[in-house]
Structures are given as C-alpha cells and as structure tokens.
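Presented below is the structure to which this report refers.
Numbering (my numbering), first residue to last: 4 to 164.
Written out as structure tokens, the structure is:
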C-alpha cells in the first residue's frame, strides 16, 4: 500500500500537490539544458553531425536547491561524507523522510518499515572514477546506486522487511 508520498521532479515539482496540479493542467516540464550541465548550443547541430547532441532540451531537477546542503542534524552522516555522496543519496534522504511524515509516521526509528528504491544514471560514479584524488574513504558508500535504499534505511533506522 502507498501510505505516503514525496517527490522531486523536473519542472520544479517538490510536493504531491505540485505534481497533481501539474498533471491536471497538462504541464510540460521540458526545459533547456542548464548551463551548469554543459553548453548545449556548442554540442547541438540541426543537421545532427557526428559528435553532436540531438536536442538542447531535457527534463531536469530544479537547480535552485543546493543538494549539497542536506541538514546533517537529522542524519549520522558527517558533513564531509555528505559532500562526497552521490546527489541521488542526498536527495533520497530528504524525500524518504518527507514521505514518512506524509504517511503520518513520526516515530519510525527501529520500526519494521521497508525501504525499496530504484534509480537511473551513474554519472556521479563515472565522474569520480576519472578523478584519482576523489578516491577516499567514502567511495564505496557514497557513489553506488546499490547504496540508495541501504543509506536511507540505515540513516532513518528502518528495520525492513
């Protein structure tokens, strides 16, 4: 059963209510590639030449929120560990906590609550694999997509199933 819900979606959608209103209004979250990602106009060609991208648009999460600013007072992670963790882990911690609160769960620590997640994309892993100086004590725990549900269940003290 879905008991609680929380979202971070393209188009600046940060709550189930935002999502509902977006769907009802038949919104489109497509937008230009943010300059912080790469200069899309430098890699785009109308004629689709080799080595170019096919579009200058995509579906991107709101970058006005600093994903590195997770409030560590709620979690056991140290600030330096948060800084090395994949942004998916950082966001998932906040989203999972909001989801529990939306479900009316305020005393979840040590409870038999399951944590199941999926993710797509390993850009953080690929990016840091190329940076020899990024190899540190948080490499395994901070980069793998296999760690998403583990990180959340550990940090929120969820005991499964």
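Using N, Cα and C, we set each Cβ at its ideal position, and we do this for glycine too.
Asked: Ordered along the chain, which non-local residues of its own chain (more than five positions away) have a Cβ less than 8 Å from that of residue 163?; Found: 115, 116, 117, 118, 156
Asked: Quick one: is residue 102 buried, meaning 16 or more other Cβ sit within 10 Å of its Cβ, or exposed?; Found: buried
Asked: Look at the alpha carbon of residue 62 and the alpha carbon of residue 76, and state the distance between them as a whole number of angstroms.; Found: 31 Å
Asked: Can you list, in chain order, the residues of its chain whose CB lies under 7 Å from that of residue 66, leaving out five sequence neighbours each side?; Found: 37, 39
Asked: How would you call residue 27, buried or exposed, if buried means at least 16 neighbouring beta carbons within 10 angstroms?; Found: exposed
Asked: If I follow the unbroken alpha helix (DSSP H) through residue 149, where does it start and stop?; Found: It is not in any alpha helix (DSSP H) - residue 149 carries neither H nor E in the DSSP assignment.
Asked: Would you say residue 8 and residue 110 are within 8 Å of each other, going by their C-beta atoms?; Found: no
Asked: What residue range is occupied by the uninterrupted alpha helix (DSSP H) comprising residue 103?; Found: 90-105
Asked: Reducing DSSP to helix, strand and coil, say where residue 157 ends up.; Found: helix
Asked: Let me know the secondary structure DSSP gives residue 22 once reduced to three states.; Found: helix
Asked: Buried or exposed for residue 154, going by 16 or more other Cβ atoms inside 10 Å?; Found: buried
Asked: Taking the alpha carbon of residue 160 as the point to measure from, which residue in 123, 99, 122 has its own alpha carbon closest?; Found: 99
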